[in-house]
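Numbering (our numbering), first residue to last: 33 to 430. Just so it is clear, CB atoms sit at the ideal spot from N, CA and C, and this is done for glycine as well.
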Ligand SMILES: *Cc1c(COP(=O)(O)O)cnc(C)c1O
């Protein structure tokens, strides 16, 4: 059995003076005793030497190592945001004349990048219902370079069958690129055949809603290509993480396993309780979820089904009223993003997915009454449930 939390736990990085945390590299540039070493370092040929912190820094390499352990890939490269990881990866893989297949239910920023930005660089994109394997097959062309999707999609919580998609793509040399932001530790896409795994560290992995960050996990060859001084997208597009931030994210990663277990336990409890009340609830851990079995076939069971769930309260007016009342009663915050200790809720149609045109939202089942929850670390989730119920009752929604 794959034990990602153990692999992170076993990583030891000591500080300069024997500190139990690694020292933070507080420099943008580094000195050399010999000019020749500087040249070799610039070309990326010298291990253990640093030249300039956009290229790499000790703090960023420590965090990258921990993330490569998490995702069971050879290597990783951290970026200043999740979008910095996604855009660099896709621009590295897909050049003028190439074709990309992407899930139609993805993070709004990724959707906007693929719909409005990448086509201007001559990349052709087809959006697909990622749960429709036959449709994916029919879209594949000789110039298809990659298939891009989220393990658990935002905001509809559709689950992609990573292994089946990888089985189709592998013989054709098509790269399988998975955004695993919603399911760190729970699902390990590389173990199912994914080539590249991306995270917005902003969410669960950092978990304290105090910074943005991203990572690309993949083969050493691909990560080196992103860092290449002549044609690497991470190097040249410049989405570099600051060392202080990577140090703080690494410290937060030390409790990721505990947090994911609590988020998942709370998510499952609330999903079941809300469904029993008759509220239209979507959560991959519910047996009624269309991809429940697929999720179960993929997950590292001890980390559960994650902390994301949605309910549908019928209309945008209802959704707004419920969210405002829940905030007033201190259940959580009316805010986008996810992975915080406190529950966060938002109406995706008018926030994180507002880049998606209304008619397309309708077609993919993104209704106006949808509320997306990132369930917090509440110690007494029964109490939280009673509070949510009281909001629904007082607003005559139940
Ligand atoms: C937030 C998010 C992103 C973008 O990450 P940033 O850190 O905000 O740039 C990408 N994918 C998913 C699934 C997200 O939730």
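What's the call for residue 154, buried or exposed, on a 16-neighbour Cβ count within 10 Å? exposed
Please identify the residue among 110, 207, 117 and 275 whose C-alpha is closest to the C-alpha of residue 222. Of 110, 207, 117 and 275, the residue nearest in Cα terms is 207.
I want to know whether the segment 77-94 touches the segment 60-69 - three or more CB-CB distances under 8 Å. yes
What would DSSP say about residue 319, mapped onto helix, strand or coil? When secondary structure is reduced to three states using DSSP, residue 319 falls in the coil class, being assigned neither helix nor strand.
Taking the CB atoms as reference points, tell me whether residue 73 and residue 250 lie closer together than 7 Å. no
Compute every distance between the C-beta of residue 113 and the non-hydrogen atoms of ligand 1, then say whether any falls below 6 Å. yes
Counting along the chain, where does the beta strand (DSSP E) carrying residue 103 start and finish? Segment 90-103 is the alpha helix (DSSP H) holding residue 103; no beta strand (DSSP E) there.
Hey, how far is the Cα of residue 142 from the Cα of residue 118? 7 Å
Across the segment 191-205 and the segment 385-395, are there enough close Cβ pairs to call them in contact, namely three or more that are closer than 8 Å? By the Cβ test, the segment 191-205 is not in contact with the segment 385-395, since fewer than three Cβ pairs between them sit closer than 8 Å.
Is there at least one non-hydrogen atom of ligand 1 closer than 6 Å to the beta-carbon of residue 79? no
Cβ distance (whole Å) where residue 246 is taken to contact residue 113 below 8 Å: About 5 Å separates the beta carbons of residue 246 and residue 113, which is inside the 8 Å limit, making them a contact pair.
Taking C-alpha atoms, which residue in 152, 100, 159 and 183 lies nearest to residue 324? 183
Whole-angstrom distance between residue 292 and residue 193, CA atom to CA atom: 21 Å
Could you tell me the distance, in whole angstroms, from the CA atom of residue 338 to the CA atom of residue 295? 6 Å
On the criterion of 16 or more Cβ atoms from any shown chain inside 10 Å, does residue 336 qualify as buried, or is it exposed? buried
For residue 480, which three-state DSSP category applies? Outside the displayed span of the chain (33 to 430) sits residue 480, for which this structure offers no information.
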